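So the sequence shown is numbered by this note's numbering: it starts at 1056 and just counts up by one. The beta-carbon is built from N, C-alpha and C at its ideal position, and this holds for glycine as well. Being a predicted model, the structure only gives us computed values, none of them experimental. Heads up: the structure comes next, in structure tokens.
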Amino acid sequence: MRTITLGIALFALLVSSVIFLGQAPVPNPGLGNPLGPMVSGTDFSGSWRWLNHQDAPLFTAAGDIADWGGIPLNDAARLYALSWQASRQTLKQQQCMGYVPPYTWMSPGNHRIWEERDPFTQRLTAISGQFTWMDVLTRRHTHRTRSRVSRQENSKATY
């Protein structure tokens, strides 16, 4: 029985070592590190989104309803908080208001990151992402006066 247990443990160690040691990038002696000197070989490209599952209520921005533990509230503030409706976010003047810090755990989502490589050597030249700039451009400003990286969206937000 001990021999079988020892054999299973050695087999599990062998399989896990192959899995963990197989994650290291293979150096290429001809080109050096094809990813550059400061890149470890981790690929972050793809679409990134926060996934909610059974623990979603633990990570919400608001927490439980009427749970204001440690926040000094008077009766007027408590009445305002309890009468708040989510439909306020449909008003134009309420849509761009700042969020509380716990919301930042939920807000980053639908990000797109991609790699740009040299077509001949496949050397990594840039890691790009999708960004949205919310600003108002007047007619006298042109895109020539403001340098933006390509593939970034310039949006106009007016009330």
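If you draw a straight line from the Cα of ARG1178 to the Cα of ARG1172, it comes to about 5 Å. Annotated three-state conformation of SER1102 is strand, per DSSP.
Under DSSP, SER1183 shares a beta bridge with TRP1169. Excluding the 5 residues flanking it on each side, TRP1169 has same chain C-beta neighbours closer than 7 Å at SER1100 and SER1183, in chain order. Leaving aside the five residues that flank LEU1137 on each side, the residues in its chain whose CB is nearer than 7 Å to its CB run, in chain order, ALA1121.
ALA1132 has its alpha-carbon roughly 14 Å from the corresponding atom of GLY1125.
Apart from sequence neighbours up to five positions away, the residues of its chain that approach THR1180 with a beta-carbon distance below 8 Å are GLU1171, ARG1172 and ASP1173, ordered along the chain. In its chain, beyond the 5 residues on either side, GLN1149 have a beta carbon closer than 7 Å to the beta carbon of ARG1143. Going by beta carbons, GLN1185 and HIS1166 fall inside the 8 Å limit. Taken atom to atom, the span from the alpha-carbon of THR1060 to that of PHE1066 is near 10 Å. DSSP places GLY1125 outside both helix and strand once states are collapsed to three, so it counts as coil. In the DSSP assignment, ARG1133 falls within the unbroken alpha helix (DSSP H) covering 1130-1137.
Taking C-beta separations shorter than 6 Å and ignoring five residues to either side along the sequence, the partners of SER1102 in its chain run ARG1167, following chain order.
Straight-line measurement puts the Cα of THR1145 at about 59 Å from the Cα of ALA1064. The three-state secondary structure of PHE1175, taken from DSSP, is coil.
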